[in-house]
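Residue numbers (the numbering used here), protein chains in the order written: chain A, 91 to 582; chain B, 91 to 582. Cβ atoms here follow ideal geometry from the backbone N, Cα and C, with glycine treated the same way. If you're wondering where the values come from, they're calculated on a predicted model, not measured in any experiment. The structure appears below as structure tokens.
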């Protein structure tokens, strides 16, 4: 371990850089706001000596691309992150989402003077853990972007040379599934070429330890509607006659899983690439947080019992995101619902193809006697067919996973451990899904370096990043740059 | 058959009596409106020679009670109906719900002069079928009330004497489950005593034929919530870990029915009183409307196949009125729902006790390993228990059914047939539920005489009654009064 001393003057500067960026509204649905963020990034990146350009997209939400080339480099790292944010519901925030403030959690006392955080010259990093910076996108993912940039200044201050090329690709529409990214990656294949993509986004493991993610689950989203008639009918006059769409939907959903929580779709698990022995061993080293989570969220048993949360994250899921049919609560009335809707997401692990899984799902439904349609049936079809399911496929992309034994994985893990010691969480895959398969399709390994605290409230009100996590983020990128010579080293 | 000639002068008077009553707003949630209706009824009933009183209730929505005693009567008929209405959503009405207008269906042309409906002295009753009177509660049930009253005038005009006592009990809060009725019936047991209760409400059979209902299904309403945690969690980070409440609910609901639509709750059908051979034979005579209904509502197969709609109405039902969990449609998001709600109604037939059925349902759920609670669980309970169902019982009352062979049933059926011929639909029970068991508990048979057209839009916008149905209603009560001597005749 070789932690550097951080002075409160430096801390103040780092915080100011993040605050200045977080001040700029970044609603992903407002392309002019996205452009303003992009222009701001270009300016500060150029100030740091990064050759930067704005890459236009058909959605009018530009990407920001930057290069810091090193004369003798043979390897290249590309840092991918995003600067757009989900819309804010201002009324729920303690302070304005675009007026970043430092506070203790659940306190409305502002910390006006960062110098006060530490009396002496040296910041007590542990003491920083009480303080959080509140603003939209400060956790997801502006802190990661700024950390990756100021770490370059830090490196320069220390007089250390980069041994690799570093490229930056900052997305302005990640919150709406990055609709322009795929075409851009194809169009600028050479420009974006690298040996390692760092995904600079996300939350660390719930234990709070520094975290390296070697993979991301893929996803398949779809919805299903069951149609038994054109109108809801009175349950007294037509009970036993009009088939109940809510009941039919319940039967269909119930058929999809076994009692033990495992998925009953034939072939669902067939192509899953199992974890290697070493991957399994690093999973077993990750601190167990299950009991803490159960206490915190009021959860009883796990859906699939007898396995750790980490094991469960490395299995695929089939999740019902929502069901709706008829009316409940005060709205309840004596009708037979003729329409039931359900939304699903499937989390895919390495080896699973979204389209193949979608076909397996359709087969499962058909095998139970349903007529499966991809459009809303006509009145004639409703009358002629006995059990009708309308299915609609939404997003879908596969999982990624970089081998633990690879040079790239070892380089990243070592860099993090060098600063923070052996207590680093290495996850073969995180539970969430990011469309990073796009890079993997270009044969580039992708590794995630989440830097935000687990309780950062991303996507909701009072989004925040803990100051100690932010400092750790900077130190992480600093170590990555400082050790970049090792990316050439194949002896790991 | 002995149909009387109706002059257009008489028709005009009848329509005016109904229109004047339908003009008075009657939102069941506005007790002053209910009182205004009650006072109006009292006045017109007294004008017709009925001794009338207002009976106060704890809910401030009075009942109206009237008596027309006959000197030598040994039997008494009580006519029960209601004059309150469900709230109106004015914007959906073609005309103001409390400004009754006569129009053809789907036309906005008013019929200003009723005289125009018939050029000659005699009204062509068949031609009346084109015209409908639109107003809130005109179908449910103001037309029945006015018909039962003006038929008394009609009888007097013809110089015919009543052979029985006739009592009227008009409820002002039927749309909110008649909360005061039970106590009133007990309090005024002697006053309300009768040999036959006529339920003057509802829609005739879909064939449009005059209809006599010898029974009503009972009902049991309850809701169920499945709780797997205190908050919804991210489906990527916690999939396979947080049990999905929507999934658990689906499994629970699916367990309640067999694939053939029959209910899988143990003991559910045990106490059902089967239809007698004669009841079965009158069911078989009822016109089959299944194909017409399927065309009209876009329905494929019946939930329980191979039986007529009439047979299905004489079986109990278990209906899911609604399900809700998580989010669907534009609101859909990647969460695991920790709460799922479902609303149910059970239609009970003769022999079934609502409380007993409720206990069977709870046993069914418990037998599948659920912890069944009647309150929302504490955080500790959610953590300690594996599968939690919160169940809440709502309304519940048993079915009624008067024997086809009884004097009362035969008297009513004969009275109707005398005017309209043999083509009368006699239903051992209708599909809907009315709390008429309260009368049956007083050992009084209850028979329903629905008078509104099947497409009357009761409870929704553009509620209407067809003019020919209204005239038929008056003729029905007229025949009932004229034949009242037969109620003493036990030789039917």
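For the pair residue 528(B) and residue 436(B), the CB atoms are not nearer than the 7 Å cut-off. The stretch 339-346 of chain A makes contact with the stretch 451-463 of chain A: 3 or more CB pairs, one atom from each, lie closer than 8 Å. Neighbours of residue 473(A) in chain B, taken as residues whose beta carbon is under 8 Å from its own, are 384, 385, 388, 389 and 390 in chain order. DSSP places residue 109(A) in the helix class (H, G or I) of the three-state scheme. Apart from the 5 residues on each side of it in sequence, residue 144(B) sits with its Cβ closer than 7 Å to the Cβ of 128, 132, 152 and 154 in its chain, given in chain order.
At a cut-off of 7 Å between C-beta atoms, residue 410(A) counts as an interface residue with respect to chain B. Shown here, residue 360(A) sits in coil according to DSSP, grouped into three states, outside any helix or strand. In chain order, 270 place their CB closer than 7 Å to the CB of residue 148(A), counting only its own chain and leaving out the 5 sequence neighbours on each side. The beta-bridge partner set that DSSP reports for residue 542(B) consists of 293(B).
Shown here, residue 523(A) sits in a strand according to DSSP, grouped into three states. Residue 439(B) is not bridged by DSSP to any residue.
The C-beta of residue 469(A) comes closer than 7 Å to at least one C-beta of chain B.
In the three-state scheme derived from DSSP, where H, G and I count as helix and E and B as strand, residue 446(B) is classed as helix.
Between residue 493(B) and residue 499(B) the beta-carbon gap is near 6 Å, inside 8 Å, which marks them as a contact. DSSP places residue 117(A) in the strand class (E or B) of the three-state scheme. Using a 10 angstroms sphere on the CB of residue 377(B), the tally of other CB atoms stays under 16, which defines it as exposed. The secondary-structure analysis by DSSP pairs residue 561(A) with nothing; it has no beta-bridge partner. DSSP, reduced to helix, strand and coil, places residue 503(A) within a helical segment of the structure shown. When secondary structure is reduced to three states using DSSP, residue 326(A) falls in the helix class.
At a beta-carbon threshold of 9 Å, the residues of chain B lying near residue 307(A) are 326 and 329, ordered along the chain. As the crow flies, the alpha-carbon of residue 299(B) is around 15 Å from that of residue 374(B). As computed with DSSP, residue 141(A) is found in a beta bridge with 157(A). Residue 402(A) reaches chain B at 329, 330 and 331, counting residues in chain order whose Cβ is nearer than 8 Å. From the beta-carbon of residue 360(A), no residue of chain B is found nearer than 7 Å; the closest lies around 18 Å away. Relative to residue 564(A), the option among 121(A), 458(A), 507(A) and 233(A) whose CA is nearest is 233(A). Counting along the chain, residue 469(B) sits inside the alpha helix (DSSP H) bounded by residues 469-474. Contact between the stretch 313-327 of chain A and the stretch 249-265 of chain A is absent, with fewer than three C-beta pairs closer than 8 Å. For residue 259(B), the enclosing beta strand (DSSP E) starts and ends at 255-261.
Judged by their CB atoms, residue 536(B) and residue 302(B) are not nearer to each other than the 7 Å cut-off.
In the three-state scheme derived from DSSP, where H, G and I count as helix and E and B as strand, residue 424(B) is classed as coil. In the three-state reduction of the DSSP assignment, residue 279(A) falls in the coil class. The beta carbons of residue 413(A) and residue 336(B) sit about 5 Å from each other, so the pair counts as a contact at 8 Å.
Residue range 233-247 is occupied by the alpha helix (DSSP H) that includes residue 245(A). The alpha carbon of residue 410(B) has as its nearest neighbour, out of 332(A), 538(A), 138(A) and 356(A), the alpha carbon of 332(A).
Only residues of its own chain outside the window of five on either side were considered, and among them 426 have a CB closer than 7 Å to the CB of residue 328(A), listed in chain order. As a beta-bridge residue in DSSP terms, residue 487(B) pairs with 309(B).
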